[in-house]
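Written below as C-alpha cells is the structure these notes are about.
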Amino acid sequence: MPTSFLDGNRKHFLFEGADLGSGELVLTVSRTNGSATTIIAQTSERLDLRDIRELYEQAAVIDVIQKWPAMVQQPTNSNFAVGSYATASIGDAKQIAVFIHGWRMPYSEHQIFAQTMFKRLYWQGYQGKFAVLRWPTRSTDTELFPGMDFITYNRSEHIAFKSGTGAAAYLMNLRSRFPDYVISLCAHSMGGIVTMQTLKELALGGQRPLDNVVLMQAAVPSHCFDPNAASHQLFLNGEAEFPTPDTYRNYAAGVTNALRDGGKIVNFFNPQDAALLAWEVNQAFRVTNFFGYGLVTMKANTFLGYYTDGTNSVLRTNELNQTLLSIAYGGYYGNRPTRSITNVIELMPFATRPRSQAVGQQAAVRGQILGQELNLEIQLGFTGNGIDHSGQFNRNIQSPPIWPFYFQLKTNLFPQQ
Amino acid sequence: MGVTRSSSQFPWSTADYSLGSDFRNIFGLRIQSVKLGRLSPAQYPVLQAGGSVTTNSISGYFPEVERPVLETIGYYFGRIDPWHVQSDQLPGHIDFTPTNTTPLFIGSVGQSMEFSGWAKQRIANGDTNKFAYREEYFDKAYRLDTSGNPANETGILSEYGEFFPTEPGRVILTTKPDPDQGGIQGTCLVHVIRLSLDVNHDSLMDLSYTGPDNTTAARPFVFWANSDNDAPAGNGKQEHDQYNPAMPDHLYGQVRSQRGLEDFARLWITGLPELPATQGYTVSLALYPISGSPAINLYLADEFDGGTRYLTDTNGHQHRSEHDHKSHYVEGYYQVGRRIHVFIAHKLP
C-alpha cells in the first residue's frame, strides 16, 4: 500500500464487472476548506457492463436424432435455430468468427468453451462479432449415468455428419445477414466432422458463405482432405486383420469450393495430442474373441450390430444389441432384418476404419488443406497431456502457449488484407 | 504632490509655489514637474522639481510623474469560470493581493478550461513593494516529459487563454514572449487528468483525446460482468472454469485464481498531481447509471506500470514481494475489492 495514494504517480487498477448496466464512471478531485467543498476537476468514461452472453450470438443445430438406432433409420434434414443474437458489440470490424465445439460437450461446458474463446479473442484485440454454433453431440446431458458419455463417440460422429445440413443453413443465414463481412469458422476436435460435412454440402450446393476455416485438433482422418496423406500403420494392421471400406479417403474433396475467393483451411495440429491418440485406439479397436462372440470391434461397431468385410457392410441383429447392455451403449436394436449399409455417413462412424491419423495430429496434410498448418507442439508448446487436446480452453490465459495460440487463430481466421 | 505654497491666505492671493527636488508619489515615482492652473487670466505656469514660481489664483495642479520602469519578476495565472461561479481572484479584484500565488490547476482531457495570465512587474524606479500586473496573451501549450522539460505541443490553446486538453499529464501554457523584457515568457502549469480504459482491447492504453480508447455515449467501453466461476486449484484439480451460476466470481470480492484474471480490465488514473490530504484534497470515483445498475469491483493493480502481464505472464504478479497468498494479483489495499456502484462516490484510496 502506498504511503500516500495521491503521490503524483499514475494509478493503475483492475476492475471486474459486478452488475449489469451502462453508466458513467466519474473521477472527481475536490478540496475541502473549512465547511466548503469545491470540485476541482472531473473526468469520466462510459461503461457498458454486459452479461457475456449478450456479446455473442448463440445458434444451435436442431432436428437431429440423438438416439440410436433411430438416428440411422429415420432420414432427417437438420436445421438451425438462433437462440440469442448479440445485443452489444466489442468493436466495429466487419468480421465474424464462428466456433463449433467438439464431442461430449454438455451445454454448460460448451458455454464455457465458447466464452473462453470469445474472451481470448477479445484480448487479442479482435473487433468483430462472435458466434457459437452448438450441435447435438451426446454428452452427460444425454446419458443416464456419469461416464457413459465416454462411449458415445461413434454415435456422436454420426450426429456430427447429420449436423452438416443445419450448420450449412446457419452459415448461409449469417452470410445473408452480413453480406459484406469476412465470416470465418473454427472447429475443435469432432467439430471438424461437422465442419467438413458443412463445407461439403455447401460446395455441392454451389454456396460459398465462408472465408477461412481453422481446424483445431480436428478428429477427422487426414485422408478426408488429402487422399495422399501418410497412412498410419496401426490402422493398416487392423485392415489386414479385419478389412473395412476405405470411405473416409477423399471424402472432403472440393470442400474449399465453399470458401470465398482467397479462403483457406488451416490445420492446427498437435502430434502428441492425447485425445487423438485415444481416437486412434477407438478407430483401431478390435478384440479377436469377446467372451466367445468371436471378433469384435468398436470400429466397426460390432456391439451395435455393424459388420463389414471391407466390401459389403450390414447392420444386423446380434446377441449384443438385444441385451440391456446395448441400451447403455447405444440403443436396443431388437430383432430386425439385416440391412445393407451404403450411406457413407453411417458407414464412416460405424463401419469403416480410417487409414490415416487425424488431421489434428498430422503434419503436412495437403489436398484441401494445402499444407497450411500450425504445429501446436513445436511452435507453441502444447503437450501430450490430456488437457492439451483442449488446451486453448483448459489452460489459463497466462500459460505460455495461449496468447500465441489466439494470436494465430485470429490471424488465420482474419488474415491481413 | 509635494507642492508647497508660501502663503496660507486666500487661494487667489499671490504666493510662492515650490516643488521638492525628489518628491515621489504613492508608487515611489519622482514628480518631475507640476503644471499650475491659473484661472484669470488663464495661465499654466510650470513648477519644476526643485524650483519655485510666484503666482496667484491657482485652482488646479497637474503633476508630471517620472515614467515607471517595470521589470517582470513573475507571473500570476488564474482560472476563469465562464459561469463566474468559481473563478480565481484576478488582479484588479477587490480581494486580490500581490501576495496571491498561482493556484493548483487540474483539468481533464476533453474539457475546455479558460485562463487569465498576468505578468507581475516590479517598479524598478519606484516603490519596489508595489507591483503592476499586466495581462498577457497566451502562446503555446507543451506537455512536459518526466524530467519536467517541454516535450511536444499539446492541446488547443487560444491567445485568450482558452485551453482544450487533449492528453493527460503535466502541461505548461506559455504566454507570448515579452520583447521589453528580453523575450521572457510566463508558464502556467496545468495537471490534466483522465480515466483510461483499453477500449479497443489491443493491449495499448491510448491516452489521447482522439485516440481509439475514448468512450462516448455511443461508443462506451463494453465489457462483461465477471459472472463465471474460475475455481482455484485444489483437490487435485488445476484452476478451472466451472459451471456455477449461483456463485459468480464477482461476489467473492477478490481475485480467486490466475485464470479469472481474464475477466478483469484495466483502469488508469493519469495526470493526478501530488495532492496532500492535509490540504483538504480528496479523489473519488462513482459510477452513475444510465441504464440498469452497473457496478464494478475495483482493485489496485499489482503491476508497477499497469501493464497486461496479468493476462500474459504466469509470473506477472510476482515482481513484488509483500503480498499474502490472497493478494497475488492485486495490491493489498483493494484485496477485498471495492464495489463502485450506483451514485455512491468512493474516496480513494
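Quick note, the sequences are listed as chains A and B, same order.
For the first sequence, the working numbering gives the first residue as 706, with consecutive numbering after it.
For the second sequence, the working numbering gives the first residue as 765, with consecutive numbering after it.
C-beta atoms are modelled at their ideal positions from N, C-alpha and C, and glycine is treated no differently.
Which of helix, strand or coil does DSSP assign to B/S1085?
Reliability of the predicted coordinates at B/S1085 is poor, the pLDDT of 32 falling under 50, and no value is obtained from them.
State yes or no: is the beta carbon of A/Q762 nearer than 7 Å to at least one beta carbon in chain B?
The question names Gln, yet the displayed sequence has Glu at residue 762 of chain A. So, not an interface residue.
7 Å is my cut-off, CB to CB: does B/W1032 come that close to chain A?
yes
Close-in-space but distant-in-sequence residues of the same chain around A/W984 (CB under 6 Å, 5 per side omitted):
A924 and A1063
Closest Cα partner of B/W847 within the set B/R1020, B/N893 and B/M877:
Answer by Cα proximity: B/M877.
Taking 7 Å as the threshold (beta carbon to beta carbon), is A/V777 in contact with chain B?
no
Less than 7 Å between the beta carbons of A/G943 and A/E906, yes or no?
no
Residues near B/Y1045 by beta carbon distance below 8 Å, same chain, minus five either side
L1039
Assuming A/P1054 contacts A/H815 (C-beta within less than 8 Å), just tell me the rounded distance between them.
The pair is not a contact, with the Cβ atoms about 21 Å apart (cut-off 8 Å).
Among residues of its own chain, excluding the 5 on either side of B/N990, which ones have a beta-carbon nearer than 6 Å to its beta-carbon?
D1013, H1014 and D1027
Segment limits, beta strand (DSSP E) that includes A/N942:
For A/N942, there is no enclosing beta strand (DSSP E); the enclosing alpha helix (DSSP H) has its first and last residue at Q938 to E946.
Contact check, B/P984 vs A/S894 under 8 Å by CB: the rounded distance?
Actually they do not touch by this definition, with Cβ atoms about 37 Å apart.
Please list, in chain order, the chain A residues whose beta carbon lies closer than 8 Å to that of B/Y1007.
S813, E814, Q816 and I817
Contact list for the stretch 720–739 of chain A against chain B, Cβ threshold 8 Å:
Listed in sequence order: F720, E721, G722, A723, D724, L725, G726, S727, G728, E729, L730, V731, L732, T733, V734, S735, R736, T737 and N738.
Going along chain B in order, which residues have a C-beta closer than 7 Å to the C-beta of A/N1101?
E1003, Q1022 and R1023
Of all Cβ atoms in chain B, is any one closer than 7 Å to the Cβ of A/G1086?
no
Inter-residue spacing [alpha-carbon to alpha-carbon] between A/T733 and B/I887:
42 Å
I'd like the list of long-range same chain contacts for A/N1117, defined as Cβ closer than 7 Å, with 5 residues on each side in sequence excluded.
N917, V919 and V971
Helix or strand or just coil, what does DSSP make of A/W984?
helix
Strictly by DSSP, which residues pair up with B/R769?
B/Y781
For B/I936 and chain A, any beta-carbon pair shorter than 7 Å?
no
Consider the Cβ of A/Y827: report whether some Cβ of chain B lies at a distance smaller than 7 Å.
Output row for A/Y827: interface = yes.
A/D1093 in three-state terms, based on DSSP:
DSSP places A/D1093 in helix when its eight states are reduced to three.
DSSP state of B/K884, grouped into three classes?
Strand, per DSSP.
Could you name the residues that DSSP lists as bridge partners for B/W988?
A/R755
Buried or exposed (CB count within 10 angstroms, at least 16 for buried), B/L1075
buried
Hey, B/G933 and B/R958: beta-carbon distance below 7 Å or not?
no
Expected contact under 8 Å - CB spacing of B/Q945 and B/T819 to nearest Å:
Not really, about 43 Å apart at Cβ, beyond 8 Å.
Report yes or no: is there a C-beta of chain A within less than 7 Å of the C-beta of B/F987?
yes
Spell out whether any CB of chain A is found under 7 Å from the CB atom of B/P1037.
yes
Extent of the continuous beta strand (DSSP E) run through A/E1051
Taken as a continuous stretch (DSSP letters only), A/E1051 belongs to no beta strand (DSSP E), being part of the alpha helix (DSSP H) at V1049 to F1055.
Compare the C-beta of A/L754 with all C-beta atoms of chain B and state if any pair is closer than 7 Å.
yes
Have a look at B/L803 and B/S771 and give me their C-alpha separation to the nearest angstrom.
18 Å
Residues of chain B with CB closer than 7 Å to the CB of A/W1108, please, in chain order.
Result: T1076.
For A/F1119 versus A/V887, is the C-beta distance shorter than 7 Å?
yes
I'd like to confirm the pairing. Which residues does DSSP put opposite B/P941 in its beta bridges?
Looking at the DSSP assignment, B/P941 forms no beta bridge with any residue, so it has no partner.
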